[in-house]
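Report on the following structure.
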Amino acid sequence: AMVLVAASLEAFLGLCLGCHLFRLLIRLGLVPPEACEACADLWGTR
Numbered sequence: 008a009m010v011l012v013a014a015s016l017e018a019f020l021g022l023c024l025g026c027h028l029f030r031l032l033i034r035l036g037l038v039p040p041e042a043c044e045a046c047a048d049l050w051g052t053r
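Residues in the sequence shown are numbered from 8 upward in steps of one, following our numbering.
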């Protein structure tokens, strides 16, 4: 059920829960920011 919710959010609203979780892990210091520069700033210019 949770996978269906996550997939629906991404498909219909363009909201990627995995991206937000990865960004949170970067902010908490559990993942180095160099792992993904684009993920560290989700709302920046692409």
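C-beta atoms are modelled at their ideal positions from N, C-alpha and C, and glycine is treated no differently.
Computed from a predicted model, the values in this text were never measured in an experiment.
DSSP state of residue i mapped onto helix, strand, coil
i: P3; result: The chain is shown only over 8 to 53; residue 3 falls outside these bounds and no answer can be derived.
i: A63; result: The displayed coordinates of the chain run from 8 to 53. Any statement about residue 63 would go beyond what the structure contains.
i: A8; result: coil
Continuous alpha helix (DSSP H) stretch holding residue i: start and end
i: F29; result: 24-34
Beta-carbon gap between residue i and residue j smaller than 8 angstroms
i: L31; j: L22; result: no
i: L28; j: A13; result: no
Same chain, Cβ closer than 6 angstroms to residue i, neighbours up to 5 away in sequence not counted
i: A42; result: none
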